[in-house]
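Protein chains in written order, with my numbering: chain A, 1 to 115; chain B, 116 to 228. All C-beta atoms, glycine included, are put in the ideal place defined by N, C-alpha and C. For clarity, every value in this text was computed on a predicted model and none was experimentally measured.
Listed below in structure tokens is the structure:
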């Protein structure tokens with residue numbers, strides 16, 4: 001499968017613990033996005049990378065959240081000191097290295113449950 | 116800030132019925148619009164997109180959408196739904212910076228056979 005891959009698919013953690021998710025985008029895509037989706041809501045934008053540069057961050061991305069894309073390939077999203085309100089599906093998407101935005105391809109997401 | 120409104124939270128139809136899902140966006144400038152679908156247990160997939168040109172856009176699986184600039188709308192249609200169309204449908208627009216998608220809250224479509 002050459003689509004966007006996310007790991008793990010599910011994560012259950014205790015409140016206060018740190019968690020890290022990984023996203024492997026489609027190999028030729030230079031743009032990578034993280035979104036969060038809660039029940040009954042559409043995906044909400046968190047952050048955007050072009051190659052290794054983090055170019056945009058939503059105000060939803062609190063200080064406890066950090067994302068990296070060290071070599072412009074895979075990306076990680078870390079949540080420190082998790083809270084119950086962090087429980088959600090975390091989606092990663094990638095898009096092509098064209099000049100403009102054309103289409104985003106989404107992974108299956110990581111479902112986080114904070115207990 | 117840009118936003119997307121989807122009027123129908125849950126739509127229930129019988130097979131062969133016609134479908135129209137509403138979508139309105141807030142931005143008045145140049146817009147790029149999308150409909151994504153999420154089948155149960157699967158990832159978001161693109162149904163169709165509008166960037167410019169013919170305002171009637173045809174997508175996969177018999178879906179189409181019409182961009183009406185004067186109404187700020189991009190409604191999704193299908194003449195005859197199938198049980199396999201049961202899914203969640205999201206309308207989205209590119210943000211003003213052109214860097215990310217802004218999604219509506221989604222519409223759950225349930226089709227009974």
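Leaving out five residues on either side along the sequence, give the residues of the same chain with a beta carbon under 6 Å from the beta carbon of residue 7 of chain A. 22.
Kindly indicate which residue of A:18, A:29, A:4 has the alpha-carbon position closest to the one of residue 63 of chain A. Of A:18, A:29, A:4, the residue nearest in Cα terms is A:18.
Relative to chain A, which residues along the stretch 154-165 of chain B have a C-beta separation below 8 Å, given in chain order? Those residues of the stretch 154-165 of chain B that come within reach of chain A (Cβ to Cβ, closer than 8 Å) are 157, 158, 159, 160, 161, 164.
For residue 132 of chain B, would you say it is in contact with chain A, using Cβ-to-Cβ distances shorter than 8 Å as the test? By this cut-off, residue 132 of chain B is not an interface position.
Against chain B, does residue 65 of chain A count as a neighbour if the rule is that its beta carbon must be under 8 Å from one of theirs? For residue 65 of chain A, no CB of chain B lies under 8 Å from its own CB, so it is not counted at the interface with that chain.
Quick test of your reading: residue 103 of chain A and residue 72 of chain A, contact by CB under 8 Å. State the CB separation rounded to the nearest angstrom. That belief does not hold up - the Cβ atoms of residue 103 of chain A and residue 72 of chain A are roughly 20 Å apart, past 8 Å.
Within chain B, the residues that residue 104 of chain A reaches when beta carbons sit closer than 7 Å: Here the neighbours are 216.
At a CB distance below 8 Å, what residues from the stretch 41-57 of chain A approach chain B? Give them in sequence order. Of all residues in the stretch 41-57 of chain A, 41, 42, 43, 44, 45, 48, 55, 56 have a Cβ within less than 8 Å of some Cβ in chain B.
Just to confirm my understanding: we take residue 161 of chain B, look at its own chain, exclude 5 residues before and 5 after, and list those with CB closer than 7 Å. What are they? 149, 151.
Residue 75 of chain B touches chain A at which residues, Cβ-Cβ below 8 Å? The requested residue 75 of chain B does not occur in the structure, where chain B is confined to residues 116 to 228.
For residue 88 of chain A, which option in A:95, A:77, A:110, A:78 has the closest C-alpha, if you only look at C-alpha atoms? Nearest in C-alpha terms to residue 88 of chain A, of all of A:95, A:77, A:110, A:78, is A:110.
Any contact between the stretch 182-200 of chain B and the stretch 123-139 of chain B? By contact I mean 3 or more CB pairs, one from each, below 8 Å. Flag = yes, the stretch 182-200 of chain B and the stretch 123-139 of chain B touch.
Partners in chain B for residue 33 of chain A, counting only beta-carbon separations shorter than 9 Å: Identification of chain B residues near residue 33 of chain A by a Cβ-Cβ cut-off of 9 Å yields 214, 215, 216, ordered along the chain.
Check the Cβ of residue 209 of chain B against every Cβ in chain A and list those closer than 7 Å, keeping chain order. Taking a Cβ-Cβ threshold of 7 Å, the residues of chain A close to residue 209 of chain B are 101, in chain order.
Assuming residue 208 of chain B and residue 217 of chain B make a contact with CB atoms under 8 Å, what is their CB distance in whole Å? Confirmed, Cβ separation roughly 5 Å.
On the CB-based measure, 16 or more other CB atoms within 10 Å of its CB, does residue 86 of chain A come out buried or exposed? The residue is buried, with at least 16 neighbouring Cβ atoms inside 10 Å.
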